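Report on one structure; see the data block that follows.
Protein chains: 2
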Amino acid sequence: MVFEFLQLIGGFILASGWIPQIMKIVKTKSVKDLSVNSFWLVFLGIALMETYAIHLVVQGVGVAFLITNSLSLILIGLILIFIYLFKDNKSKDTKPQ
Amino acid sequence: MVFEFLQLIGGFILASGWIPQIMKIVKTKSVKDLSVNSFWLVFLGIALMETYAIHLVVQGVGVAFLITNSLSLILIGLILIFIYLFKDNKSKDTKPQ
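Top to bottom, those sequences are chains A and B.
Numbering of the first sequence is given in the working numbering, commencing with residue 28 and proceeding in unit increments.
Numbering of the second sequence is given in the working numbering, commencing with residue 28 and proceeding in unit increments.
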């Protein structure tokens with residue numbers, strides 16, 4: 028029981044862990060150091076795991092895993108959108124004042 | 028069976044997905060846009076899930092999950108080390124030539 032609980036907490040921390048990265052991008056409008064390939068691979072990996080999560084819920088188990096995995100998918104998807112939105116931006120401190 | 032396979036492939040893609048980000052950091056020596064808070068939270072989340080993964084293996088199941096989760100833990104850990112190593116670097120294109 029303890030380990031399932033740790034897995035659940037870990038899943039929530041892992042999923043919500045991307046919020047500070049999103050806040051940083053919104054603040055700086057700079058994404059130059061982020062690897063778009065990495066975020067696409069991570070997005071693809073999580074999307075494949077989402078099929079398993081849905082499969083588990085259809086069988087009546089694993090709702091928490093579906094919630095945390097879906098949260099990760101949404102937040103990584105948001106980061107990908109920001110990477111394309113801001114990819115031509117020079118980061119704030121290099122812009123002429 | 029199919030969904031377990033998709034989960035496994037998803038886990039490997041998710042874990043190895045961080046390799047392009049590591050290569051980008053090694054090339055540019057610039058980590059300014061990466062949120063160290065995010066990578067700490069993601070590291071913590073994966074570490075908690077690692078306890079569950081080890082628990083599963085002790086019970087004779089889930090070896091693949093332990094492998095992919097450990098790979099994620101190592102790669103995210105490496106990114107954290109790089110963030111501290113290069114955090115004072117200006118990215119290459121802003122360095123005086």
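Every residue gets a Cβ at the ideal spot worked out from N, C-alpha and C, and that includes glycine.
Fair warning: this is a prediction, and the values are worked out from it, not measured in the lab.
Contact under 8 Å by Cβ, residue i with residue j
i, j, result
"Leu93(B)", "Ala80(B)", "yes"
"Val58(A)", "Lys114(A)", "yes"
"Leu68(A)", "Gly72(B)", "no"
"Thr95(B)", "Phe39(B)", "yes"
"Met76(B)", "Gly37(A)", "yes"
Where residue i meets chain E, residues with beta-carbon distance less than 7 Å
i, result
"Val58(B)", "Considering every chain present, this structure includes no chain E. Its protein chains are A and B."
Contacts around residue i, its chain only, beta-carbon distance under 6 Å, and the 5 residues preceding and following it disregarded
i, result
"Leu83(A)", "Gly89"
"Leu61(A)", "Ile110"
"Val63(A)", "Ile110"
"Glu31(A)", "none"
"Asp120(B)", "Because the pLDDT of Asp120(B) is 49, which lies under 50, any placement of that residue in the model is unreliable, and the question is left without a value."
Continuous alpha helix (DSSP H) stretch holding residue i: start and end
i, result
"Val58(A)", "Per DSSP, Val58(A) belongs to no alpha helix (DSSP H) and is neither H nor E."
"Gln34(A)", "29-43"
"Asn96(B)", "90-113"
Cβ-based neighbour list, residue i, same chain, cut-off 7 Å, excluding 5 preceding and 5 following
i, result
"Asn116(B)", "Lys56, Ser57"
"Phe66(A)", "Ile103, Ile106, Leu107, Ile110"
"Gln124(A)", "Note that Gln124(A) scores a pLDDT of 42, beneath 50, so its modelled location is shaky; the value from the coordinates is reported in the next line. Answer for Gln124(A): no residue qualifies."
"Pro87(B)", "Before going further, note that residue 87(B) is Gly rather than Pro in the sequence given. Cβ neighbours of Gly87(B) beyond the five flanking positions: none."
"Leu112(A)", "none"
"Lys122(B)", "At Lys122(B), the pLDDT of 43 sits below 50, so the modelled position is not reliable and the matter cannot be decided from this model."
Integer Cβ distance of residue i from residue j, believed to fall under 8 Å
i, j, result
"Ala91(A)", "Leu35(A)", "5 Å"
Own chain residues within Cβ distance below 8 Å of residue i, not counting five before or after
i, result
"Leu29(A)", "It should be pointed out that residue 29(A) corresponds to Val in this sequence rather than to Leu. Taken in chain order, the list of residues that qualify is empty."
"Phe70(B)", "Leu100, Ile103, Gly104, Leu107"
"Ser97(A)", "Glu77, Ala80"
"Val85(B)", "none"
- Message: Would the region 39-46 of chain B count as touching the region 101-116 of chain A if we require 3 or more Cβ pairs under 8 Å?
- Response: no
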